[in-house]
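Data first, discussion second: the structure below is written as structure tokens.
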Amino acid sequence: MRGWEPPWGIEILIDYLSAYMIVVITGIGLLILIYTTKYSEKMIEEKNIGLFYALILLLITGLSGMVVTGDLFNLFVFLEVASLASYALVSIAGKKGDTGRFEASFRYLYMGSIASTFVLLGIGLGYMVTGTLNMADFALKLEAANTLYPRLVLASLGFFIVGFSLKSALFPLHLWLPDAYTHAPAPVSALSSALTIKVMAYVIYRLFYSIYGVKLLSATTIMPLLQLLAGFAIIIGSLYAIAQDDVVRILAYSSISQIGYVILGATLLSNSGLAGGLLHILHHAVMKSTMLLAVGAVMYKTGKRNIRDYQGLGRKMPFTMAAFSIAALSMVGIPPLTGFVSKWFLLLGTVETKSYAFTFVILASSLLNAIYYLRLINYIHFKGDAKGDVKIDEAPLAMLVPIVILGLGAIVLGLFAGIPLKLIEKAIISFGI
Amino acid sequence: MIIDAASQYNYIVASVLFLIGLYTMITRKNLIKKIMGMNIMETSVLLFFISMGSVDGGQAPIIIPGVEGVVYVNPLPQAIVLTAIVVAVSVTGFALALIIKLYKVYGTLDANQIRELREGPR
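Keeping their order, the protein sequence lines are chains L and U. The first sequence begins at 1 in the numbering used here and counts up by one. The second sequence begins at 1001 in the numbering used here and counts up by one.
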């Protein structure tokens, strides 16, 4: 950019991995934007609608920028663009005087800003030992730097990992997420769950395999440590989700659990594990945005989201709830739906690397997922008619179409998982495991 | 680059400031103080970047035609610091706007009291 050649100027780089991520971001982002056109009419204050769209577009810009950039400091700038947009999006919504959103947004902001500062310090330490910010150049010079200053290299990696784990809500650093989702409007929580935390997890993949490299990583204890945290995230996220009555909170804790799968895939150091983790980015994005958008449609129609208010909704809103149920079953991992494919590859990864404890964790988590998702499906379809004589009908078309497309996506991407997998395999070859 | 504790005191100051900021953010209950901690932490990283780019006896990196043999400091960390300052200012501005909103709604700046007020009527 600006007429400077790559090692000095800022480089925009699209390889297989970023191409895959950018398709996920723009595809899901488009569907969520279509949904927002109708949703915002009723659920967002009128004077804020323009700002709301501007912030959503800013968020998508920031995330796409993070994915395509080939420069570490540029990554930080786009990270801040995306983060500021998401802090603001959490606080902007709500017509009924929901004041908790300010506190949720503030907590998200101050935890997020700790993470950003950590990332900036990581960049600083990395720049100090390599003298470059270009990712490819950085990776080349890292080997020499690692023999001279091994501690600084490790410190920079540590700061990066803590920063991006906080942003992607990996288990002990997930505290901002449930409140933020509870108070954010549905399109925002869908964007955040499907895209924001996924892109942060993508950066961890990028750092591990394109920048620091497998050789350096396997010489440290970072991988087992992150595996352990991912395992805790998977189990504890599911346990918390079982205890919730608010449907949005169930989905929020479920997101914490699912980000554990993505990180587990990054740390298993096996091809199947990597394929599973990367595939889960797309699959979870499709499933979770279906569910969060469907919950938003119910909020739009009834204004309620307690699990008991979902009783009998299967007859009142057949298409929305059908899509919701498909996504929920897919989340449990029932073949041939999407959740099954990515979990299968992760299971293969755990078996290949002989980490059988994590095989057990994934299987146990599927059972735990079944507990809370089947409970939801039970309320929706099999608990008799809706209470009261509230007249509820199907969501408006502009909201229904994205939900149904995503719900069908949960089936189609499960049946034709080979198509994204081809791209992912090409990306994994460049990782050099 | 030999790390000599006495001559590289700016790095030590940066790390101490970083820890002070982090500690303030985690332990203080007052929202304004949390934001002050955040700013101290960010500034410490900026100090770190600036000290990294400095060269003993170096001048500002402006090339004057015809003058040679001058030692310049590294301009890249300075460009980074400028950008990071802009980012920090916008985050601080947004945080303060949120604090004003919180104060209008709850009438207090104490994080614990806000939580009690919010969860009380449930």
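By construction, the Cβ of each residue, glycine as well, lies at the ideal position given by its N, Cα and C atoms.
Checklist entry - For the alpha helix (DSSP H) that ASP137 (chain L) lies in, which residues bound it at each end? => result That run of the alpha helix (DSSP H) goes 135-148.
Next on the checklist: Short of 7 Å in beta carbon distance, which residues of its chain neighbour LYS1033 (chain U), apart from the five on each side in sequence? Order them along the chain.
Outcome noted: Cβ within range, chain order: THR1024.
Item to check | Start-to-end residues for the alpha helix (DSSP H) that takes in PHE78 (chain L) | outcome: 72-92
Item to check | Check whether PHE159 (chain L) and MET200 (chain L) have beta carbons under 8 Å apart | outcome: no
Checklist entry - Using the C-alpha atoms, what's the distance from ASP1110 (chain U) back to GLY100 (chain L)? => result CA-to-CA, the gap between GLY100 (chain L) and ASP1110 (chain U) works out to about 15 Å.
Item to check | One or two residues paired with ASP1110 (chain U) in a DSSP bridge | outcome: U:ASN1030
Next on the checklist: List, from N- to C-terminal side, the alpha helix (DSSP H) runs of 4 residues or more that fit wholly inside the stretch 1059-1116 of chain U.
Outcome noted: Runs of the alpha helix (DSSP H) inside the stretch 1059-1116 of chain U: 1075-1106.
Checklist entry - Quick one: any contact between the stretch 189-209 of chain L and the stretch 263-273 of chain L, if contact means 3 or more CB pairs under 8 Å? => result Look at the beta carbons and you see the stretch 189-209 of chain L touching the stretch 263-273 of chain L: at least three pairs across the two are nearer than 8 Å.
Item to check | Environment of TYR356 (chain L) [buried if 16+ CB atoms lie within 10 Å] | outcome: The residue is exposed, with fewer than 16 neighbouring Cβ atoms inside 10 Å.
Item to check | Burial state of TRP176 (chain L), where buried means 16 or more other Cβ atoms lie within 10 Å | outcome: buried
Checklist entry - From the DSSP output, which residues share a beta bridge with ASP246 (chain L)? => result L:ASN306
Checklist entry - Buried or exposed: ASN1112 (chain U), going by 16 or more other Cβ atoms within 10 Å of its Cβ? => result exposed
Next on the checklist: If I follow the unbroken alpha helix (DSSP H) through ALA34 (chain L), where does it start and stop?
Outcome noted: Here the sequence assigns Ile to residue 34 (chain L), which means Ala is not the residue at that position. Counting along the chain, the alpha helix (DSSP H) containing ILE34 (chain L) begins and ends at 16-43.
Checklist entry - Which stretch, first to last residue, makes up the alpha helix (DSSP H) that contains TYR212 (chain L)? => result Segment: none, TYR212 (chain L) is in no alpha helix (DSSP H) and carries neither H nor E.
Next on the checklist: 8 Å is my cut-off, CB to CB: does ALA88 (chain L) come that close to chain U?
Outcome noted: yes
Item to check | Among L:GLY432, L:LYS422, L:TYR181 and L:MET111, the one whose alpha carbon lies nearest that of TYR20 (chain L) | outcome: Of L:GLY432, L:LYS422, L:TYR181 and L:MET111, the residue nearest in Cα terms is L:LYS422.
Checklist entry - Leaving out five residues before and five after GLU12 (chain L) in sequence, what residues of the same chain have Cβ atoms less than 8 Å from its Cβ? => result The question names Glu, but residue 12 (chain L) in the sequence shown is Ile. Within the same chain, ILE12 (chain L) has close Cβ partners MET1, VAL68, THR69 and GLY70.
Item to check | Whole-angstrom distance between ALA327 (chain L) and TYR300 (chain L), CA atom to CA atom | outcome: 20 Å
Checklist entry - If you run the structure through DSSP and keep just helix, strand and coil, what is ILE362 (chain L)? => result Note: ILE362 (chain L) maps to helix in three-state DSSP.
Item to check | Start-to-end residues for the alpha helix (DSSP H) that takes in ASP393 (chain L) | outcome: Element bounds for ASP393 (chain L): n/a, residue is neither H nor E.
Item to check | Neighbouring residues, chain U, relative to SER105 (chain L) (Cβ below 8 Å) | outcome: Simply LEU1098.
Checklist entry - From GLY409 (chain L) to LEU397 (chain L), what distance separates their C-alpha atoms? => result 18 Å
Checklist entry - Is any beta-carbon of chain U found at less than 8 Å from that of PHE441 (chain L)? => result Beyond the ends of chain L as shown, which are 1 and 433, falls residue 441 (chain L); an answer cannot be given.
Item to check | Contact with chain L by ARG1122 (chain U), beta-carbon distance below 8 Å | outcome: With a pLDDT of only 47 at ARG1122 (chain U), under the threshold of 50, the placement of this residue in the model should not be trusted, and no figure is reported.
Next on the checklist: Quick check on the burial criterion: 16 or more other C-beta atoms within 10 angstroms. Buried or exposed for GLN227 (chain L)?
Outcome noted: It is buried - the Cβ of GLN227 (chain L) has at least 16 other Cβ atoms within 10 Å.
Next on the checklist: As a quick exercise: from L:TYR372, L:SER168, L:ILE32 and L:ILE161, pick the residue whose alpha carbon is nearest that of GLY260 (chain L).
Outcome noted: L:SER168
Checklist entry - Nearest to LYS198 (chain L) by alpha carbon, out of L:GLN258, L:GLY312 and L:VAL162? => result L:GLN258
Next on the checklist: For chain L, check one thing: does any of its Cβ atoms lie closer than 8 Å to the Cβ of ILE1062 (chain U)?
Outcome noted: Closer than 8 Å: no.
Checklist entry - Is THR69 (chain L) helix, strand or coil by DSSP? => result strand
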